[in-house]
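Shown next, in structure tokens, is the structure this report addresses.
Number of protein chains: 2
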Amino acid sequence: MRTLKLTVAYDGSAYHGFQKQPGLVTVQGVLEEVLCKLCGEEIATAGSGRTDANVHALEQTVTLKTNGRIPVKNIVRAAASLLPNDIVVISAEEMSEGFHARFSAKGKRYQYRLVVNEHDSPFLVKYAWQIREAIDIKAMNKAAEYLLGSHDFSAFRSSGSIDGDPVKTIYSAKWTCKGEEFIFTIEGDGFLYHMVRNIVWSLVQVGLGKRTPENFLTELHSHRTEFLNEPAPAQGLYLAKVFY
Amino acid sequence: MRTLKLTVAYDGSAYHGFQKQPGLVTVQGVLEEVLCKLCGEEIATAGSGRTDANVHALEQTVTLKTNGRIPVKNIVRAAASLLPNDIVVISAEEMSEGFHARFSAKGKRYQYRLVVNEHDSPFLVKYAWQIREAIDIKAMNKAAEYLLGSHDFSAFRSSGSIDGDPVKTIYSAKWTCKGEEFIFTIEGDGFLYHMVRNIVWSLVQVGLGKRTPENFLTELHSHRTEFLNEPAPAQGLYLAKVFY
Numbered sequence: 066m067r068t069l070k071l072t073v074a075y076d077g078s079a080y081h082g083f084q085k086q087p088g089l090v091t092v093q094g095v096l097e098e099v100l101c102k103l104c105g106e107e108i109a110t111a112g113s114g115r116t117d118a119n120v121h122a123l124e125q126t127v128t129l130k131t132n133g134r135i136p137v138k139n140i141v142r143a144a145a146s147l148l149p150n151d152i153v154v155i156s157a158e159e160m161s162e163g164f165h166a167r168f169s170a171k172g173k174r175y176q177y178r179l180v181v182n183e184h185d186s187p188f189l190v191k192y193a194w195q196i197r198e199a200i201d202i203k204a205m206n207k208a209a210e211y212l213l214g215s216h217d218f219s220a221f222r223s224s225g226s227i228d229g230d231p232v233k234t235i236y237s238a239k240w241t242c243k244g245e246e247f248i249f250t251i252e253g254d255g256f257l258y259h260m261v262r263n264i265v266w267s268l269v270q271v272g273l274g275k276r277t278p279e280n281f282l283t284e285l286h287s288h289r290t291e292f293l294n295e296p297a298p299a300q301g302l303y304l305a306k307v308f309y
Numbered sequence: 066m067r068t069l070k071l072t073v074a075y076d077g078s079a080y081h082g083f084q085k086q087p088g089l090v091t092v093q094g095v096l097e098e099v100l101c102k103l104c105g106e107e108i109a110t111a112g113s114g115r116t117d118a119n120v121h122a123l124e125q126t127v128t129l130k131t132n133g134r135i136p137v138k139n140i141v142r143a144a145a146s147l148l149p150n151d152i153v154v155i156s157a158e159e160m161s162e163g164f165h166a167r168f169s170a171k172g173k174r175y176q177y178r179l180v181v182n183e184h185d186s187p188f189l190v191k192y193a194w195q196i197r198e199a200i201d202i203k204a205m206n207k208a209a210e211y212l213l214g215s216h217d218f219s220a221f222r223s224s225g226s227i228d229g230d231p232v233k234t235i236y237s238a239k240w241t242c243k244g245e246e247f248i249f250t251i252e253g254d255g256f257l258y259h260m261v262r263n264i265v266w267s268l269v270q271v272g273l274g275k276r277t278p279e280n281f282l283t284e285l286h287s288h289r290t291e292f293l294n295e296p297a298p299a300q301g302l303y304l305a306k307v308f309y
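These protein sequences, in sequence, are chains A and B. Under our numbering, the letters of the first sequence match residues 66 to 309, in that order. Under our numbering, the letters of the second sequence match residues 66 to 309, in that order.
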């Protein structure tokens, strides 16, 4: 049986998240329908992880096993002809047996897009968090540095989540600015449920001057979720890359 | 009676173009419904011109006359609370009597967004023309220079259109490149129906090496539409500014 790895980009606006759910239109559900046609058999895929409704992916990874004979070089074009245009298979590769999108992953990169503008742009409604207030990127980056290394990230886990080990290692976490656009890029070996969005929300409070970088550090060390009011809006979040 | 000038941005993806049409959802139709509520009376607006389905506006201008007393400084926020988030009133101004979005206009700027990438991006489907082939921006800009000045633009008018004078004056017309993205910016005192999209399509043929800049000049001088096969896709076009 063959093991295939697909790299997939999607605009999450029209979907109830990545993961297949009965009765709901999801990215994985739509993808599997198309893969069934391409492979000529029932296909069950594995993603590197879930993404919530309205969250996007620049490079999500999906693996599948199949007896189908479609050459790997034909998959990208064949998928393009059958998929809706908000889901794109960027590449397809043959992998050795046992390779798994989630269990083989060594880390991930997320990006979060924040735009400071005078009025909401109609072109960014589904693609960024738009705010009116000026933000202090130096203060946000000072706070973001506290994320580096291994920590118990329970403070940034949404309540009710039942992920395993709350200790994760963050390799990099930084805001960059281009004009009115602020991009937060974070890489780590794993992320808890809502962790990136909770971190972004809290960093933006620092950027707005409502909290200090030291407040952020206290929050991180608290291992409690009570500091947070809400995760940053879903539409600003992009799963940017999965590392193997 | 007051004369108001609104500057409006919109994502044209969900609309049957700008202009009000019975039974169809259009930008002007949605805007007038909201303005009726704000002004407390029936409102008929005038736009600086039509935009087709899927064409966007960074700054469309709309004028209206009203006896309503809503202060001009409240209009932006009040409109934001009632409009769908793909239409945004950027500013509102009180104008002297006789000012008209279309008849007072001295010129317009359009932008066209072309992206050369390996695969269609799901994030650009509604916002750019995406192509696979490398293009020669120098050749396109050499051809674009022939547009400058006053010409009979009949060759770039879509057949069946009944605009008036085909002679228009173009002040600037240039492609710029940022990474994989090519933006064509054109300013002129007026534009015929489909003129920008027809010009873009023809310039891209030059960029692809299928025609020479001299072929483009011959086409311009021909005053006939037979050279063209199709206008460039609507979703790449943005009405960027109207000059008064």
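Using N, Cα and C, we set each Cβ at its ideal position, and we do this for glycine too. These numbers were taken from a predicted model, which means no experiment stands behind them.
Return no unless some Cβ of chain A is closer than 8 Å to the Cβ of residue i.
i	result
S186 of chain B	yes
D76 of chain B	yes
D151 of chain B	yes
I155 of chain B	yes
V127 of chain B	no
V271 of chain B	no
Y192 of chain B	yes
Have a look at the options and flag the residue whose alpha-carbon is nearest the alpha-carbon of residue i.
i	options	result
G114 of chain A	A:D254, A:V271, A:L282, A:P296	A:D254
M160 of chain A	A:L285, A:Y303, A:T68, A:K275	A:T68
T110 of chain B	B:T116, B:A118, B:D117, B:C101	B:C101
K239 of chain B	B:A199, B:G172, B:A209	B:A209
L148 of chain B	B:L103, B:L189, B:I202	B:L103
K306 of chain B	B:V265, B:K173, B:L189, B:P136	B:K173
R167 of chain A	A:A143, A:Q125, A:R142, A:Y177	A:Q125
G214 of chain B	B:F164, B:T250, B:E158, B:T234	B:T234
E198 of chain B	B:Q270, B:V265, B:E295	B:Q270
Y211 of chain A	A:N280, A:L123, A:V99, A:L89	A:N280
Y80 of chain A	A:V99, A:E107, A:T116	A:T116
F247 of chain A	A:T277, A:F188, A:K203, A:F83	A:K203
E162 of chain A	A:P296, A:L129, A:L302, A:L89	A:L129
F308 of chain A	A:F164, A:L89, A:Q84	A:F164
L282 of chain A	A:H216, A:Y303, A:G229	A:H216
A297 of chain B	B:A170, B:E158, B:Y192	B:Y192
A122 of chain B	B:V99, B:V154, B:E107	B:V154
G272 of chain B	B:L304, B:A220, B:E295, B:I196	B:I196
Roughly how many whole angstroms lie between the Cα atoms of residue i and residue j?
i	j	result
W194 of chain B	V120 of chain B	12 Å
G94 of chain A	Q300 of chain A	20 Å
E97 of chain A	L257 of chain A	26 Å
R134 of chain B	G105 of chain B	9 Å
S287 of chain A	V180 of chain A	30 Å
N132 of chain A	T91 of chain A	25 Å
G274 of chain B	I200 of chain B	8 Å
N139 of chain A	M205 of chain A	45 Å
K70 of chain B	A74 of chain A	41 Å
K243 of chain A	W266 of chain A	20 Å
F218 of chain A	N263 of chain B	55 Å
S186 of chain A	T72 of chain B	13 Å
D76 of chain A	T250 of chain B	28 Å
L268 of chain B	D151 of chain A	28 Å
S237 of chain B	S146 of chain A	39 Å
E284 of chain A	R222 of chain A	12 Å
R178 of chain B	V261 of chain B	12 Å
H184 of chain B	V137 of chain B	46 Å
A170 of chain B	M66 of chain B	21 Å
V190 of chain B	R276 of chain B	27 Å
D230 of chain B	A144 of chain B	36 Å
S156 of chain A	Y175 of chain B	35 Å
N182 of chain A	F188 of chain A	12 Å
E252 of chain A	I108 of chain B	53 Å
G112 of chain A	A220 of chain A	26 Å
When burial is assigned at 16 or more other CB atoms within 10 Å of the CB, is residue i buried or exposed?
i	result
H259 of chain B	buried
S224 of chain B	exposed
T241 of chain B	exposed
V86 of chain B	The question names Val, but residue 86 of chain B is Gln in the sequence shown. Exposed: under 16 other Cβ atoms inside 10 Å.
R289 of chain A	exposed
R142 of chain A	exposed
G82 of chain A	buried
L13 of chain B	This structure gives no information on residue 13 of chain B, because the portion of chain B shown stretches from 66 to 309.
V232 of chain A	exposed
State yes or no: is the beta carbon of residue i nearer than 8 Å to at least one beta carbon in chain B?
i	result
Y309 of chain A	no
Beta-carbon of residue i versus every beta-carbon of chain E: anything under 8 Å?
i	result
T91 of chain A	Chain labels in this structure do not include chain E; the protein chains are A and B.
Is residue i close to the ligand ADP? I mean its beta-carbon at under 7 Å from any heavy atom of the ligand.
i	result
Q93 of chain A	What this structure holds is no ligand at all, so the ligand ADP is not there to describe.
Point to revise | Every unbroken alpha helix (DSSP H) inside the region 183-210 of chain B [4 residues or more] | key: List check, alpha helix (DSSP H) in window: 202-210.
Review point. Whole alpha helix (DSSP H) runs in the region 93-169 of chain B with 4 or more residues, listed along the chain?
Key: 137-147
Exercise for review: Identify every run of the alpha helix (DSSP H) within the region 242-274 of chain A, keeping only runs that are complete inside it and at least 4 residues long; order them along the chain.
Suggested key: 260-272
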